[in-house]
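Data block below; observations after.
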Amino acid sequence: MKRKITLRIFFIGSLHMILYLYIVPFIVYPKFGKNGITFVVALAIMISIGVLGTLFFERKNKGDGNDK
Numbered sequence: 008m009k010r011k012i013t014l015r016i017f018f019i020g021s022l023h024m025i026l027y028l029y030i031v032p033f034i035v036y037p038k039f040g041k042n043g044i045t046f047v048v049a050l051a052i053m054i055s056i057g058v059l060g061t062l063f064f065e066r067k068n069k070g071d072g073n074d075k
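In this note's numbering, the protein residues as written are 8 to 75.
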């Protein structure tokens with residue numbers, strides 16, 4: 008279980024590094040400007056929330072947190 012959590016957090020960190028260090032400054036900003044950056048940041052936050060949210064659903068499905 009801890010390995011899955013670690014992999015997901017690593018995936019989110021890698022996604023944000025690639026997004027903010029390469030995709031936004033070199034691809035999105037020259038083409039779409041400030042509106043493009045706002046959209047990409049909002050999309051990245053929603054993806055991160057979705058990936059982290061799956062951790063809580065897995066715990067509930069397995070019964071780890073139901074008896075509290």
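Ideal Cβ positions, reconstructed from N, Cα and C, are used throughout, including at glycine.
Keep in mind that this is a model prediction, so the values were computed, not measured.
Point to revise | Beta carbon of V58 nearer than 7 Å to that of R15 | key: Against a cut-off of 7 Å, the Cβ pair of R15 and V58 comes out as a contact.
Review point. Are the beta-carbon atoms of I44 and V31 separated by less than 7 Å?
Key: yes
Review point. Grouping DSSP H, G and I as helix and E and B as strand, with all else coil, what is M53?
Key: helix
**Study point:** Expected contact under 8 Å - CB spacing of L22 and A51 to nearest Å
**Key:** 7 Å
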